[in-house]
Amino acid sequence: MQSCQRERLSLTECAVIGDLAKQALIAEVTLTPKPGLVDSRNTGSHSDLTLNLMLRSASCLAPFFVDMAQVAHGQPISVWLREQIGEIGRNAEVAMMAETQGVNTHRGAIWALGLLSTAAMVADSEERTAERVCVLAGQIASLEDRHAPNTFSKGKLASNHYQVNGAKQQAQLGFPAITEHALPTLRLSRLLGHSETEARLNALLSLTAHLTDTCVLSRAGLEGQSLLHQRSNDILTLGGVSNPQGYALLEQLDGEMIALNASPGGAADLLAATLFVDRVEHSELSK
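Quick note: the sequence shown, position 31, residue 31 per UniProt numbering, numbers continuous.
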């Protein structure tokens with residue numbers, strides 16, 4: 001009887017993890033305004049993306065995050081686990097491409113949220129803090145998946161060309177952009193009484209202010225990356241988007257990124273990941 005109860009509990013937890021991942025993706029894409037990214041106001045620097053397409057993609061991916069959590073139930077971190085979730089992640093990408101008719105909506109998010117969904121299940125309920133989940137995800141990401149194809153991506157090309165860390169290294173380090181920048185900014189904004197939208201926008205800006213985003217580098221080079229860093233830091237120095245001058249500067253930055261055809265997709269993925277681990281920490285999973 002107790003074994004069956006534990007099994008039902010684990011299935012419930014996996015379903016919660018999948019839903020939290022989906023809700024994090026939805027929260028990221030609907031957050032408005034964002035510089036050069038799809039939001040409720042425009043499609044940013046993307047001619048092949050729409051808000052509706054991103055929302056459909058998020059819903060399509062949710063079951064795969066559930067599957068990753070289910071595989072992780074009762075399992076230690078191991079190469080076996082890494083390879084199992086790698087296979088699920090590749091299946092998720094196939095499903096995403098089928099849903100979007102070949103448009104890459106969430107490839108980077110599958111990587112980040114897949115690792116974090118797995119880590120959330122590996123962690124005990126008493127230690128499901130956002131920081132702990134990031135640490136465990138880093139340990140999983142540091143293991144090699146023998147079956148992972150050596151595929152080409154613009155982000156990987158930019159990472160090699162400019163000799164900077166990409167999404168893989170960010171994950172292997174335990175997502176320092178999240179734990180050192182986005183999460184502290186999100187929490188501080190809330191403590192200061194900012195609205196949830198303002199807190200999330202400030203968290204995004206803390207990412208774009210510090211992250212070397214290979215998506216920006218691949219589209220706009222060092223010029224675009226430098227502009228994004230400078231403008232983001234300027235907004236945060238003004239006190240963030242709750243300051244009318246800071247908000248106006250964010251709207252200006254959106255236009256500047258669109259003019260450069262630049263889009264901080266890496267920061268968007270990490271914002272979704274930030275919102276996910278924050279939701280895990282404050283959910284029934286951590287009780």
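Ideal Cβ positions, reconstructed from N, Cα and C, are used throughout, including at glycine.
Start-to-end residues for the alpha helix (DSSP H) that takes in residue i
i, result
"Val179", "Note that residue 179 is Thr in the sequence shown here, rather than Val. It is not in any alpha helix (DSSP H) - Thr179 carries neither H nor E in the DSSP assignment."
"Ala130", "130 to 141"
"Pro63", "51 to 72"
"Thr100", "79 to 100"
"Gln230", "214 to 237"
"Asp254", "244 to 259"
"Ser47", "Premise fails: Ser47 is in no alpha helix (DSSP H) and is neither H nor E."
"Val122", "107 to 122"
Helix, strand or coil at residue i according to DSSP, with G and I counted as helix
i, result
"Gln163", "With a pLDDT of 45 at Gln163, under the threshold of 50, the modelled position of that residue is not reliable, and the figure given next carries that caveat. The answer is coil: DSSP assigns Gln163 none of H, G, I, E or B."
"His282", "coil"
"Ala199", "helix"
"Ser189", "helix"
"Glu13", "helix"
"Gln75", "coil"
"Pro184", "helix"
"Leu270", "helix"
"His210", "helix"
"Val277", "helix"
"Asp19", "helix"
"Val29", "helix"
"Gly265", "helix"
"Lys34", "coil"
"Lys287", "coil"
"Cys4", "Any reading at Cys4 must be qualified, since the residue scores a pLDDT of 35, below 50, and its modelled position is unreliable; the value itself is stated next. Helix, per DSSP."
"Glu126", "helix"
"Ala148", "coil"
Check whether residue i and residue j have beta carbons under 7 Å apart
i, j, result
"Ser142", "Thr100", "no"
"Thr129", "Glu281", "yes"
"Glu28", "Ala220", "no"
"Ala167", "Thr185", "no"
"Gly266", "Asp213", "yes"
"residue 353", "Val66", "The structure shown does not extend to residue 353, since the chain is modelled only from 1 through 287, so no value can be given for it."
"Thr118", "Met68", "yes"
"Ala273", "Leu116", "yes"
"His229", "Ala209", "yes"
"Ala199", "Ser45", "no"
"Gly18", "Ala72", "no"
"Leu49", "Val38", "yes"
"Ala24", "Leu275", "yes"
"Leu205", "Ile235", "yes"
"Val277", "Val133", "yes"
Heavy atom of the ligand MG within 6 Å of residue i beta-carbon
i, result
"Lys287", "For the ligand MG, the structure offers nothing, since it holds no ligand at all."
Min CB distance residue i to chain C below 7 Å
i, result
"Gln172", "In the structure shown, chain C cannot be found, because there is only a single protein chain."
Presumed contact (8 Å Cβ cut-off) between residue i and residue j, rounded CB distance
i, j, result
"Ile207", "Leu270", "Ile is not the amino acid found at residue 207; the sequence shown has Leu there. The Cβ separation is near 5 Å, so the contact holds."
"Glu93", "Ile110", "6 Å"
"Gly89", "His147", "Gly89 to His147, Cβ: 11 Å. No contact."
"Ser125", "Ser286", "6 Å"
"Pro35", "Pro264", "7 Å"
"Glu251", "Pro33", "6 Å"
Residue i versus the options, residue with shortest Cα-Cα distance
i, options, result
"Arg82", "Thr32, Ser40, Cys60, Glu144", "Glu144"
"His106", "Gly174, Thr43, Cys60", "Cys60"
"Ala182", "Met96, Leu238, Ala95, Leu211", "Leu211"
"Ser30", "Leu20, Arg41, Gly36, Ala21", "According to the sequence provided, residue 30 is Thr. The question's Ser does not apply to it. Selected option, being the one with the closest Cα: Arg41."
"Gly114", "Leu217, Lys22, Ala98", "Lys22"
"Arg190", "Pro33, Met96, Leu253, Val241", "Val241"
"Ser47", "Val103, Gly74, Val79", "Val103"
"Met97", "Leu173, Leu53, Ile26", "Leu53"
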